[in-house]
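Residue numbers for the sequence shown follow full-length UniProt numbering, beginning at 1 and rising by one. We treat Cβ as the ideally placed atom computed from N, Cα and C, and that holds for glycine.
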Amino acid sequence: MITLYNTLTRQKEVFKPIEPGKVKMYVCGPTVYNYIHIGNARPAINYDVVRRYFEYQGYNVEYVSNFTDVDDKLIKRSQELNQSVPEIAEKYIAAFHEDVGALNVRKATSNPRVMDHMDDIIQFIKDLVDQGYAYESGGDVYFRTRKFEGYGKLSHQSIDDLKVGARIDAGEHKEDALDFTLWKKAKPGEISWDSPFGEGRPGWHIECSVMAFHELGPTIDIHAGGSDLQFPHHENEIAQSEAHNHAPFANYWMHNGFINIDNEKMSKSLGNFILVHDIIKEVDPDVLRFFMISVHYRSPINYNLELVESARSGLERIRNSYQLIEERAQIATNIENQQTYIDQIDAILNRF
């Protein structure tokens with residue numbers, strides 16, 4: 001029996017898969033405009049461990065993690081470097097695989113990309129418009145948040161709570177300040193696609209809803225990501241998906257905690273922005289992985305050299321203990337049985 005803490009219900013629940021023996025799992029991946037930082041590495045490592053444990057228990061895990069390859073950050077980067085958005089995305093997708101591979105994160109079953117699903121996204125939005133859940137205004141398309149009765153159930157906020165502080169920015173043509181963007185009208189010089197609503201590109205939230213639907217169907221077992229995605233990203237995913245699919249979007253939600261650097265929030269402005277690409281040149285990737293999983297996944301992690309050194313020492317103790325067991329087994333009387341024991345330990349180590 002496996003129990004999970006479900007963000008949706010705020011309690012631990014016994015895991016019951018949609019299909020016996022199978023787990024459909026969707027993990028929000030990076031926006032590929034730069035090398036990933038250690039905050040991106042945490043969900044990659046944490047949910048890799050979750051996946052491995054399910055597989056260890058005999059489940060067949062379909063593990064999907066997307067790449068956001070069109071976004072405001074990518075467009076800005078393309079303008080800065082005078083390169084196309086696809087060129088930049090391709091470079092950093094390759095870098096992502098290299099970085100998480102060094103951290104012993106197994107490849108996903110599938111890594112869908114937004115650009116590959118543009119027709120699906122446009123059709124999904126059109127369906128929402130046809131059902132009255134979305135509307136076109138000034139070349140943009142917005143989701144009618146109030147029409148979806150369950151809005152706020154993941155973040156445990158009411159519509160009235162959310163209304164406080166909500167505003168309509170200049171250039172927006174919303175019916176309600178709480179409505180969010182499904183399709184953005186094209187701006188001069190930006191990458192765009194033709195659609196029934198005019199030239200433009202999708203909003204961030206709709207992308208994951210569509211890719212999850214395309215890869216895993218209307219309802220998935222586990223949706224996971226960082227705690228910063230809980231609202232509004234995952235809340236909006238639920239609204240779009242359940243309005244469109246007329247079915248629960250995900251049965252279990254998992255969210256990992258933040259990473260602080262020397263007790264401060266990681267940010268470029270503070271100069272404490274740590275890229276995995278750089279840190280694995282100084283820190284053994286296995287140590288970094290062990291450091292990440294040495295703290296409960298929902299708790300925040302404070303990253304500093306002293307704690308990393310402590311993780312290195314802890315991992316070294318495990319390695320030394322294993323080596324000692326192996327050496328003693330080799331000189332034991334019952335060599336055949338001891339070798340079987342070593343093989344079993346090796347199998348467990350390879351799984352995690």
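Identify the continuous beta strand (DSSP E) that holds residue i and give its terminal residues.
| i | result |
| --- | --- |
| K76 | Looking at the DSSP string, K76 is not in any beta strand (DSSP E); the run it does join, the alpha helix (DSSP H), is D72 to L81. |
| S137 | A134 to S137 |
| L182 | F180 to K185 |
| H223 | I220 to G226 |
| F143 | D140 to F143 |
| K91 | Taken as a continuous stretch (DSSP letters only), K91 belongs to no beta strand (DSSP E), being part of the alpha helix (DSSP H) at V85 to A102. |
| L4 | T3 to N6 |
| N236 | Segment E235 to N245 is the alpha helix (DSSP H) holding N236; no beta strand (DSSP E) there. |
Looking only at its own chain, which residues have a Cβ that is under 8 Å from the Cβ of residue i, when we skip the five neighbours before and after it?
| i | result |
| --- | --- |
| E316 | none |
| D262 | N272, N302, Y303 and N304 |
Is the Cβ-Cβ distance between residue i and residue j less than 9 Å?
| i | j | result |
| --- | --- | --- |
| Q240 | I206 | yes |
| L8 | L154 | yes |
| V32 | A89 | yes |
| F197 | I280 | no |
| H234 | D120 | no |
| I122 | W183 | yes |
| N46 | Y297 | yes |
Going along the chain, which residues of its own chain have a beta-carbon closer than 7 Å to the beta-carbon of residue i, five neighbours each way excluded?
| i | result |
| --- | --- |
| L162 | G152 and L178 |
| A95 | Y35 and H277 |
| E264 | L270 and N272 |
Could you spell out the range, first to last residue, of the alpha helix (DSSP H) harbouring residue i?
| i | result |
| --- | --- |
| H277 | V276 to I279 |
| Y53 | I38 to Y56 |
Could you pull out every residue in the same chain whose Cβ sits closer than 6 Å to the Cβ of residue i, ignoring the five residues on either side in sequence?
| i | result |
| --- | --- |
| Y63 | M25, R51, A108 and T109 |
| G139 | K185 and G198 |
| Q230 | S155 and H255 |
State buried or exposed for residue i, treating a residue as buried only when at least 16 other CB atoms are found within 10 Å of its CB.
| i | result |
| --- | --- |
| V164 | Low confidence applies here, because V164 scores a pLDDT of 48, under 50, leaving its location unreliable; read the following figure in that light. Classification of V164: exposed, given that the 10 Å Cβ count is below 16. |
| D72 | exposed |
| M1 | exposed |
| R113 | buried |
| K22 | exposed |
| A243 | buried |
| A311 | buried |
| Y142 | buried |
| H246 | exposed |
| D130 | exposed |
Below 8 Å, can you find three or more Cβ-Cβ pairs linking the segment 208-225 to the segment 244-261? yes
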